[in-house]
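Chemist: Residue numbers (this note's numbering): 11 to 116.
C-beta atoms are modelled at their ideal positions from N, C-alpha and C, and glycine is treated no differently.
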Amino acid sequence: MKFREKVYKVVNSIPEGMVATYGQIATMIGSPRASRQVGFALRALGLNEENIPWWRVVNRKGYISINHGDGGVEKLIQKDLLENEDVRFLDELTVDLEVHLWRPAE
11 MKFREKVYKV VNSIPEGMVA TYGQIATMIG SPRASRQVGF ALRALGLNEE NIPWWRVVNR
71 KGYISINHGD GGVEKLIQKD LLENEDVRFL DELTVDLEVH LWRPAE
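Below you can see the structure in the form of structure tokens.
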């Protein structure tokens with residue numbers, strides 16, 4: 011299975027109302043130092059992707075760090091999608107990881 015396929019498989023496993031971090035996904039697919047590449051794989055999906063819930067992935071601090079060069083619009087799209095799943099924020103763009111971090115059974 012290719013790297014991107016592994017990323018997408020894990021991201022598809024994140025339950026509604028929960029988030030995972032780029033590093034968490036990288037570790038889960040056996041590439042713990044590839045968090046940036048996880049971001050690249052998700053960016054390749056585009057903002058209109060609905061089948062793979064890319065919006066459930068944030069940085070290690072819970073911050074929405076997506077950047078498609080759209081002047082910040084993409085951050086608001088991601089925040090809106092998360093709020094539609096009742097995800098709580100600590101501030102404008104930081105998810106409350108204590109409540110919403112996905113911790114799959116190992």
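Can you tell me whether residue 67 is buried or exposed, with buried defined as 16 or more other CB within 10 angstroms of its CB?
Modeler: Within the sequence shown, numbered from 1, the residue matching residue 67 stands at position 57. Buried is the call here.
Chemist: Which residues in the same chain as residue 72 place their Cβ atom closer than 6 Å to its Cβ, once the five residues preceding and following it in sequence are excluded?
Modeler: Locating residue 72 in the sequence shown gives position 62, where the first residue counts as 1. Contacts found: 104, 105, 107.
Chemist: At what residue ranges does the segment 15 to 89 contain a whole run of the alpha helix (DSSP H), taking only runs of 4 or more?
Modeler: If we require 4 residues or more, the alpha helix (DSSP H) runs fully inside the segment 15 to 89 come out as 32 to 38, 45 to 53.
Chemist: Pull the bridge partners of residue 111 from the DSSP assignment, please.
Modeler: For the purposes of this step, residue 111 is identified with residue 101 of the sequence shown, where counting begins at 1. Looking at the DSSP assignment, residue 111 forms a beta bridge with 29.
Chemist: Does the beta carbon of residue 25 sit closer than 8 Å to a beta carbon anywhere in chain C?
Modeler: Checking the listed chains, one finds no chain C in this structure; it contains a single protein chain.
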